[in-house]
Amino acid sequence: MDAADECAHCALPLGVRPVTAAVGGERQRFCCYGCVLALQVTRARGDAGAAATILVRLGLAVFFAMNVMMVSMPSYVPYVYGASAQTDGPLFQVMRVLAAVLAAPVLLLLGGPIVASAWASARRGQLSADGLIVTGTFAAYALSIANTASGRPAVYFDTGAMLLVLVTLGRYLEASAKAEAGAAVRARLAPMPARATRLEPDGRDATVAPETLAVGDVVRVAPGQAFPTDGRVLEGAGGVDEATLTGENRPVPKAPGTMVAGGTCSVDGVFVVQVTAPVAASAAARVADLMARARADRAPAERLADQVTRALVPAVALVALASGVFWTARSGIDAGILSALAVLVVACPCALGIATPVAVWTGLAESARRGVVVRSAAALERAAAIDQVLLDKTGTLTLRTPRVVALDGADEASRNEALRVAAALEAGLQHPFARAILDAWDERGAAAAPRAHDVRLIPGRGVCGVVEGREVVIGDGRVVAEAGAPCAEDETGPGTVLYVVRERRVLGRLRLVEAARPDAAAAVAALRRQGVRVGLVSGDRTAAAVVPEIIGVEDALLGLTPEEKLRHVRALGGDVAMVGDGVNDAPALAAAGLGIAVAGASDLARVTADVAVLADDLQRVPSLLAYARRVRAVVRQNLFWAFGYNAVAVALAAAGALTPLVASVAMLASSLAVVANARRLRTAW
Numbered sequence: 092m093d094a095a096d097e098c099a100h101c102a103l104p105l106g107v108r109p110v111t112a113a114v115g116g117e118r119q120r121f122c123c124y125g126c127v128l129a130l131q132v133t134r135a136r137g138d139a140g141a142a143a144t145i146l147v148r149l150g151l152a153v154f155f156a157m158n159v160m161m162v163s164m165p166s167y168v169p170y171v172y173g174a175s176a177q178t179d180g181p182l183f184q185v186m187r188v189l190a191a192v193l194a195a196p197v198l199l200l201l202g203g204p205i206v207a208s209a210w211a212s213a214r215r216g217q218l219s220a221d222g223l224i225v226t227g228t229f230a231a232y233a234l235s236i237a238n239t240a241s242g243r244p245a246v247y248f249d250t251g252a253m254l255l256v257l258v259t260l261g262r263y264l265e266a267s268a269k270a271e272a273g274a275a276v277r278a279r280l281a282p283m284p285a286r287a288t289r290l291e292p293d294g295r296d297a298t299v300a301p302e303t304l305a306v307g308d309v310v311r312v313a314p315g316q317a318f319p320t321d322g323r324v325l326e327g328a329g330g331v332d333e334a335t336l337t338g339e340n341r342p343v344p345k346a347p348g349t350m351v352a353g354g355t356c357s358v359d360g361v362f363v364v365q366v367t368a369p370v371a372a373s374a375a376a377r378v379a380d381l382m383a384r385a386r387a388d389r390a391p392a393e394r395l396a397d398q399v400t401r402a403l404v405p406a407v408a409l410v411a412l413a414s415g416v417f418w419t420a421r422s423g424i425d426a427g428i429l430s431a432l433a434v435l436v437v438a439c440p441c442a443l444g445i446a447t448p449v450a451v452w453t454g455l456a457e458s459a460r461r462g463v464v465v466r467s468a469a470a471l472e473r474a475a476a477i478d479q480v481l482l483d484k485t486g487t488l489t490l491r492t493p494r495v496v497a498l499d500g501a502d503e504a505s506r507n508e509a510l511r512v513a514a515a516l517e518a519g520l521q522h523p524f525a526r527a528i529l530d531a532w533d534e535r536g537a538a539a540a541p542r543a544h545d546v547r548l549i550p551g552r553g554v555c556g557v558v559e560g561r562e563v564v565i566g567d568g569r570v571v572a573e574a575g576a577p578c579a580e581d582e583t584g585p586g587t588v589l590y591v592v593r594e595r596r597v598l599g600r601l602r603l604v605e606a607a608r609p610d611a612a613a614a615v616a617a618l619r620r621q622g623v624r625v626g627l628v629s630g631d632r633t634a635a636a637v638v639p640e641i642i643g644v645e646d647a648l649l650g651l652t653p654e655e656k657l658r659h660v661r662a663l664g665g666d667v668a669m670v671g672d673g674v675n676d677a678p679a680l681a682a683a684g685l686g687i688a689v690a691g692a693s694d695l696a697r698v699t700a701d702v703a704v705l706a707d708d709l710q711r712v713p714s715l716l717a718y719a720r721r722v723r724a725v726v727r728q729n730l731f732w733a734f735g736y737n738a739v740a741v742a743l744a745a746a747g748a749l750t751p752l753v754a755s756v757a758m759l760a761s762s763l764a765v766v767a768n769a770r771r772l773r774t775a776w
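Below, the structure is given as structure tokens:
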């Protein structure tokens with residue numbers, strides 16, 4: 092028999108009505124729903140595995156609980172025919188015993204995990220909501236057993252069973268919401284291929300696992316295939332779909348020399364790529380790791396909810412005890428236990444516990460889907476409070492690579508020599524000026540620049556090192572003066588002037604011109620419409636000539652060193668966001684209330700920042716701040732609802748206006764309302 096006609100789990104024939112379901116992101120066919128559940132439990136891990144396990148337990152428990160409800164129906168005869176109806180005959184007693192037997196598996200399947208959780212909290216010296224639910228449920232079951240043994244008709248097996256079903260259903264909603272957020276991130280950020288085609292030195296193609304690729308290996312990627320890891324294009328040209336990382340749906344053109352990221356897909360080109368990072372260190376893997384850490388982090392609002400929950404549990408226990416004592420004295424032990432149980436169930440802080448995390452998880456996942464990775468839940472909360480944004484210039488407000496438009500020197504030989512040693516010193520650096528100098532040298536078509544040694548950055552001002560045994564410095568007039576080569580600093584005309592100094596002698600002068608990003612003005616305007624103040628902090632004293640129509644001279648601080656940027660950010664306080672991309676921006680990014688590294692930022696800037704914008708779109712910055720405010724609004728709505736619900740519901744239960752079953756339905760409805768409100772964030776960006 093063909094494998095396609097077999098169940099994906101048990102390998103039995105599919106039959107005439109096979110079940111099709113997605114397990115682990117792959118659609119498969121099964122002979123029955125039992126095999127679907129079994130495969131979900133055996134293959135699912137992490138959040139998805141937890142949700143699947145709860146679902147299996149819940150499915151089995153519902154079967155028994157429905158039977159408990161069925162055999163308990165005779166207990167409701169007095170409610171239909173009046174209090175004079177008799178329910179103490181042999182058949183009624185058999186039904187009560189059968190209900191006790193059928194309710195036992197429900198207590199084991201659903202009560203067992205709650206008991207384990209309550210015991211773990213008790214060992215830490217904490218009174219948890221799980222402990223209250225367990226106490227109330229098992230007290231009702233014990234009372235029903237005692238009444239059954241004595242022949243009394245007041246039993247509550249159905250109430251206890253359905254109560255556990257509804258409580259567990261609420262927990263499944265929480266677990267599935269968490270798993271859904273994690274799955275959304277993994278699906279968008281890590282669609283790594285199962286196999287890769289490596290080109291061997293002898294010219295053969297070898298099919299290997301991506302995890303075996305090492306830096307320097309060469310792989311081939313055909314149209315429609317995903318790049319197995321990060322690399323540099325050696326051969327081929329075409330469009331690459333980077334939506335998995337940046338959220339940008341338009342293909343990005345790639346050519347020899349450009350970089351590609353693991354997990355992105357070739358649209359129409361055949362690429363030969365040299366691996367620059369193993370799979371574990373690829374861009375997609377780094378982002379997935381950041382998202383995992385972010386989802387494990389707890390926002391301040393979530394920690395506040397935890398503190399309230401810890402205070403709420405003993406308060407609820409006292410209210411339940413008082414209610415139980417009052418109704419026992421007034422109407423008997425049965426009424427007292429049911430009243431106390433109703434208080435314990437209705438006050439279960441499920442809605443309060445998931446009010447913040449569900450909204451935050453959804454916010455983190457949706458931001459990542461849009462190409463904005465927020466490092467922590469606390470950072471997302473801080474983003475909602477930002478009222479001032481400081482922008483770096485080079486590579487942030489301007490295009491990443493400027494152009495060398497003028498090269499001055501004593502003669503052609505001096506100019507050529509100045510560019511040659513400058514290219515040697517800048518090789519391997521990530522600053523946009525370095526890229527511009529290297530491009531200018533490449534355009535001359537000359538031989539490769541020599542190798543530099545002892546290269547060291549002068550943050551925000553230049554670079555120095557040794558080329559062919561002689562000391563070379565590249566920087567502004569201040570750096571040149573400190574290097575012992577007096578010069579008349581030229582600040583006239585557009586652009587930035589860099590001097591090339593070798594052994595205290597000026598070899599030449601480079602003028603670099605930057606163009607403002609096409610989206611910079613729109614991004615700044617969007618920030619200002621939100622009531623956010625926008626300023627420019629730049630180490631370039633000529634920045635006002637490049638972007639005056641975007642920021643304005645009155646909002647720009649120019650000629651700042653990294654230390655001066657840091658002091659300025661600290662002086663402004665906590666609700667300030669710093670947006671930058673360079674090594675010289677890293678201190679300010681770390682000190683700001685929210686550090687945002689834009690696309691193409693240096694590794695140090697990305698590691699330091701709270702937010703990494705993967706999409707090459709500056710308008711994602713105002714979009715993030717606006718979205719963070721929506722997340723904060725949903726969190727506040729959820730918390731308000733959860734607090735209000737608990738206050739009203741506990742009062743009604745203590746007054747005897749709610750039965751335990753109605754209380755459990757109310758508790759579930761509260762959790763559903765919180766989850767539904769949080770899901771609105773999926774379309775709020």
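Using our numbering, read the sequence shown as starting at 92 and increasing by one per residue.
Beta carbons are placed, not taken as given, at the ideal position from N, Cα and C, and that holds for glycine.
> Does the beta-carbon distance from Gly556 to Leu520 come in below 7 Å?
Replying inline: Taking 7 Å as the Cβ cut-off, Gly556 and Leu520 do not qualify as a contacting pair.
> If you draw a straight line from the alpha carbon of Val246 to that of Leu336, how long is it in whole angstroms?
Replying inline: 58 Å
> If you compare alpha carbons, which of Val571, Ala142, Glu97 and Ala141 is closest to Cys123?
Replying inline: When only C-alpha atoms are compared, the closest one is Glu97.
> Near Ala764, which residues of its chain fall below 7 Å by C-beta distance, leaving aside the five closest residues on each side in sequence?
Replying inline: Trp732
> Does DSSP classify Val351 as helix, strand or coil?
Replying inline: strand
> Beta-carbon separation of Asn729 and Ala446 under 7 Å?
Replying inline: yes
>> Among Gly227, Val667 and Ser414, whose alpha-carbon lies nearest the alpha-carbon of Ile205?
In response: Gly227
> What do you get for Pro301, buried or exposed, if any count of 16 or more other CB atoms within 10 angstroms of its CB means buried?
Replying inline: buried
> Which of helix, strand or coil does DSSP assign to Thr259?
Replying inline: helix
> Would you call the segment 284-296 and the segment 248-268 in contact, with 3 or more CB pairs under 8 Å?
Replying inline: Proximity of the segment 284-296 to the segment 248-268 falls short of the contact definition, fewer than three beta-carbon pairs being nearer than 8 Å.
>> Going by the DSSP bridge assignment, what does Glu326 pair with across the sheet?
In response: Val363
>> If I measure Cβ to Cβ from Ala683 and keep anything under 7 Å in the same chain, skipping five residues before and after, which residues do I get?
In response: Val660, Val667, Ala668 and Met669
> Secondary structure at Asp502, three-state DSSP: helix, strand or coil?
Replying inline: The three-state reading of DSSP puts Asp502 in coil, since its state is none of H, G, I, E or B.
> DSSP three-state call for Gln184: helix, strand or coil?
Replying inline: helix
>> Going by C-alpha to C-alpha distance, which of Gly353, Leu182 and Leu325 sits closest to Asp332?
In response: Gly353
> Who are the near neighbours of Gly665 in its chain, counting only those whose CB is closer than 7 Å to its CB and skipping five residues on each side?
Replying inline: Gly684
>> Is it buried or exposed, Val437, if we count other Cβ atoms within 10 angstroms and call 16 or more buried?
In response: With 16 or more Cβ atoms within 10 Å of its Cβ, Val437 is classed as buried.
>> Using 7 Å as the threshold, is the C-beta distance between Pro104 and Leu218 below it?
In response: no
>> So, for Thr419: in the same chain, excluding its five sequence neighbours on each side, which residues have a beta-carbon less than 6 Å away from its beta-carbon?
In response: Correct list, in chain order: Gly427.
>> So, under 8 Å CB-CB, Val722 and Asn768 are touching, yes? Tell me the CB distance rounded to an integer number of Å.
In response: About 11 Å separates the two Cβ atoms, so there is no contact after all.
> Could you give the distance in angstroms between the alpha-carbon of Glu472 and the alpha-carbon of Ala719?
Replying inline: 7 Å
> Unbroken beta strand (DSSP E) runs of length 3 or more, entirely within the segment 643-677: which are they?
Replying inline: 667-671
>> Considering only the alpha carbon of each residue, which of Phe183, Leu200, Ala141 and Leu189 lies closest to Leu149?
In response: Leu200
>> Tell me the residue span of the beta strand (DSSP E) that contains Ile205.
In response: Unbroken run through Ile205 is the alpha helix (DSSP H), Gly203 to Arg214; no beta strand (DSSP E).
>> Less than 7 Å between the C-beta atoms of Leu193 and Asn158, yes or no?
In response: Against a cut-off of 7 Å, the Cβ pair of Asn158 and Leu193 comes out as a contact.
> Looking at Val410 and the ligand COA, is the gap between the Cβ and the nearest heavy atom below 6 Å?
Replying inline: Among the components modelled here there is no ligand, and therefore nothing to report on the ligand COA.
> Is Val564 closer than 7 Å to Arg552 when the C-beta atoms are compared?
Replying inline: no
>> One question on the structure: do Ala690 and Arg697 come within less than 7 Å of each other, judged by their Cβ atoms?
In response: no
>> Looking at the secondary structure, which residues open and close the alpha helix (DSSP H) in which Gln728 lies?
In response: Arg711 to Ala745
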